[in-house]
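Have a look at the structure below before the remarks.
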Amino acid sequence: MRTVRAALTTLGFVLFPLSAFLVLSPFLTVAPFLAVAPFLSVPPAHASGTIRVAIVESARTVELHGVSIVVTELGASGTDASAWRADVVRALATGPSVEIDGRRARRFRLTSERPIQMNGREYPATLEVVKNGEGLAVVNELPLEDYLVGVLRAETSERWPRDMLRAQAIVARTYAAYHRMLNASKPYHIVASTVHQAYVGVVPSSSPVWDAVRDTRGQVLFWRGGLFPAFYHATSGGYTEDPRTVFAAPNMPALKAIRDEFSAGAPHSAWSLDLRLADLSEILRRHGLDIGWVKAVEVTERTPSLRVSALTIHGTRGRAPLRGNDFRRMVGYEMLKSTLFAVAVDGARAHFAGRGYGHGVGMSQWGAKAMAERGYRAEGILEFYYPGATLGVLDEPARASLRPPSVVPPARLGLP
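Using the working numbering, the first residue of the sequence shown is number 242, and each one after it goes up by one.
Written out as structure tokens, the structure is:
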């Protein structure tokens, strides 16, 4: 590990000790996101509108369970063609259609007075099974506010402070409303995974996440009058990241990189990974990069927050230049927890030492928790992680500043 420590020193990690260069932590959120126009104007839509969530995006077959599920075959125009009842529904992607009980159509709607179960979870309201590319998608259509309860249950801990949960509700609502507008003409608006936001379906009424959603009903963040993708991640590692370096997205001032001292002490503030070069060679081959046996891993470019933006893998039969985020995706988001790492090859292994968890853009969830524990209200948390953003309501786009509601004065931030 001496070589890794030397690499960390060379990279400048010693310039930012843990007391200053704080710790970091897919969820939601750690997969690549859409490169899209950054701001969308807000139409006069009521905050309690519905959203279409892809629970499964591309499967060959799915099985759903319930009590007296009404299965409706939908015609090309979306009109009901025929309906029947079943307690078990097995759907199969076949050719250009979805097949259920020997009937074929592009879309089927499933409704029931009780939740419908799939993959060990229960989902409310309405489900649709639709043909999606070579497979099928299962889409849950439900009120936006109910969806957010399932997001908070998946993305946070119910034991976390109330104001952290309130901040998370506003951020998740902003992110969902943005994608609902962006994908309005598509079969679904958002995916229930780290591609977008995790979502668990039905949540018991006793859960405190219901209060967080109710307390902030309809509230979203705006930048210059428009919605924007309010990214968030587990923990930043000391500095958040500019979305342009992660997602090749346009400039989004409300998501600019900032120093984040609140993430210190979070899980995954420091992590390490030992990866056999033979395994790394196989990972590259599986992704179409056959450069022989890996000999060296060279970081060629870093972002201002020291995350790896580009690297080159050298092998016995060539080399493979990669973007840092693509390399992380290939290795696995849970193994290579962030691109804020140093790497050194020693014998038959590559040693990675890093900080944080996730892409680093927007709000650090563990940092937000720490802020709430220090007395910050939700508005103060949002002010810190989304500088310049304003707080409003979906159907009443008010422009209330985030600064006045902050409990702790800005001077207490301890930032330059």
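Every residue, glycine too, gets a C-beta built ideally from N, C-alpha and C. Note that the coordinates shown come from a computational prediction; the quantities given were computed from them, not determined experimentally.
TODO: Tell whether a beta-carbon distance below 8 Å holds between A378 and A439.
DONE: Along the sequence shown, one-based indexing puts residue 378 at 137. Along the sequence shown, one-based indexing puts residue 439 at 198. Not closer than 8 Å, so no.
Open item on the list: Looking at A425: is its Cβ nearer than 8 Å to the Cβ of Y627?
Closed with: Walking along the sequence shown from the start, residue 425 turns up at place 184. Walking along the sequence shown from the start, residue 627 turns up at place 386. Not in contact: A425 and Y627 (Cβ atoms no closer than 8 Å).
Open item on the list: By the three-class DSSP mapping on this structure, what secondary structure does A537 have?
Closed with: On the sequence shown, position 296 is the one that residue 537 refers to. In the three-state reduction of the DSSP assignment, A537 falls in the strand class.
Open item on the list: As a quick exercise: from V443, R345, A332 and V329, pick the residue whose alpha carbon is nearest that of E382.
Closed with: The residue labelled residue 382 in the question sits at position 141 within the sequence shown. Nearest option by C-alpha distance: V443.
- [ ] Please state whether DSSP places A495 in a helix, a strand or coil.
- [x] Position 254 of the sequence shown holds residue 495. A495 falls in the helix class under three-state DSSP.
Open item on the list: Quick check on this structure: which residue in P356, I292, G633 and V294 has the alpha carbon closest to the alpha carbon of R465?
Closed with: What you label residue 465 is simply residue 224 of the sequence shown in a count that begins at 1. Comparing Cα positions, the closest option is G633.
Task: A334 and G376 closer than 8 Å at C-beta - done: Residue numbering aside, residue 334 sits at position 93 when the sequence shown is read from its first letter. Residue numbering aside, residue 376 sits at position 135 when the sequence shown is read from its first letter. A contact, by the Cβ cut-off of 8 Å.
TODO: Compute the Euclidean distance between the alpha carbons of I357 and A551, then round it to the nearest angstrom.
DONE: Numbered from 1 along the sequence shown, position 116 holds the residue referred to as residue 357. Numbered from 1 along the sequence shown, position 310 holds the residue referred to as residue 551. I357 and A551: Cα-Cα distance of roughly 45 Å.
Task: Proximal residues to H420 (C-beta, below 7 Å), its chain only, five neighbours per side dropped - done: Along the sequence shown, read from residue 1 onward, the residue named residue 420 stands at position 179. Cβ within range, chain order: H430, I431 and H437.
- [ ] State whether the segment 558 to 575 contacts the segment 466 to 484, with contact taken as three or more CB pairs (one from each stretch) at a distance under 8 Å.
- [x] Below 8 Å, too few C-beta pairs join the segment 558 to 575 and the segment 466 to 484 to call them touching: fewer than three.
- [ ] Apply the 10 Å Cβ neighbour rule to L406 and answer buried if 16 or more other Cβ atoms are within range, or exposed otherwise.
- [x] For the purposes of this step, residue 406 is taken as residue 165 along the sequence shown, with counting starting at 1. L406 should be labelled buried.
TODO: Kindly give me the distance between the Cβ atoms of V450 and E399, rounded to whole angstroms, as I take these residues to be in contact under 8 Å.
DONE: As a first step, residue 450 is located in the sequence shown; it is residue number 209 there, counting from the start. As a first step, residue 399 is located in the sequence shown; it is residue number 158 there, counting from the start. That pair is a contact at about 6 Å.
TODO: Answer yes or no: do L315 and R350 have a C-beta to C-beta separation smaller than 8 Å?
DONE: Mapped onto the sequence shown, residue 315 falls at position 74. Mapped onto the sequence shown, residue 350 falls at position 109. Contact flag set, yes.
Task: T302 to P365 span [Cα, whole Å] - done: Translated into the one-based positions of the sequence shown, residue 302 becomes position 61. Translated into the one-based positions of the sequence shown, residue 365 becomes position 124. Distance between the alpha carbons of T302 and P365: 21 Å.
Open item on the list: Could you check whether L623 and L462 sit closer than 8 Å to each other, using their CB atoms as the reference points?
Closed with: Here residue 462 is taken as the residue at index 221 of the sequence shown, counted from 1. Here residue 623 is taken as the residue at index 382 of the sequence shown, counted from 1. In this structure, L623 lies closer than 8 Å to L462 by Cβ.
TODO: Report the partner residues of G556 according to the DSSP bridge assignment.
DONE: Position 315 of the sequence shown, counting from 1, holds the residue named residue 556. For G556, which the question treats as bridged, DSSP gives the partners V535 and G559.
Task: Cut-off 7 Å between Cβ atoms - residues of its own chain near F582, not counting five sequence neighbours on either side - done: Indexing the sequence shown from 1 puts residue 582 at position 341. Contacts found: V549, F593, A594 and G595.
Task: Proximity winner among G307, S510 and A619, relative to D456 (alpha-carbon distances) - done: Position 215 of the sequence shown, counted from the first residue, corresponds to residue 456. Of the listed residues, the one whose Cα sits closest to D456 is A619.
Open item on the list: Helix, strand or coil for Y617? Go by DSSP, reduced to three states.
Closed with: As a first step, residue 617 is located in the sequence shown; it is residue number 376 there, counting from the start. Reduced to three states, the DSSP call for Y617 is coil.
- [ ] Mind checking which residues open and close the beta strand (DSSP E) that includes M359?
- [x] Here residue 359 refers to the residue found at position 118 of the sequence shown. Run containing M359: I357 to M359, per the beta strand (DSSP E) assignment.
Task: Spatial distance of G343 from V370 (CA atoms) - done: Locating residue 343 in the sequence shown gives position 102, where the first residue counts as 1. Locating residue 370 in the sequence shown gives position 129, where the first residue counts as 1. One C-alpha to the other measures close to 15 Å.
Task: In DSSP terms, what Q460 is bridged to - done: What you label residue 460 is simply residue 219 of the sequence shown in a count that begins at 1. Answer is V634, bridged to Q460.
Open item on the list: H509 and G597 - do their beta-carbons sit closer together than 8 Å?
Closed with: Counted from its first residue, the sequence shown places residue 597 at position 356. Counted from its first residue, the sequence shown places residue 509 at position 268. Yes, these two residues count as a Cβ contact at 8 Å.
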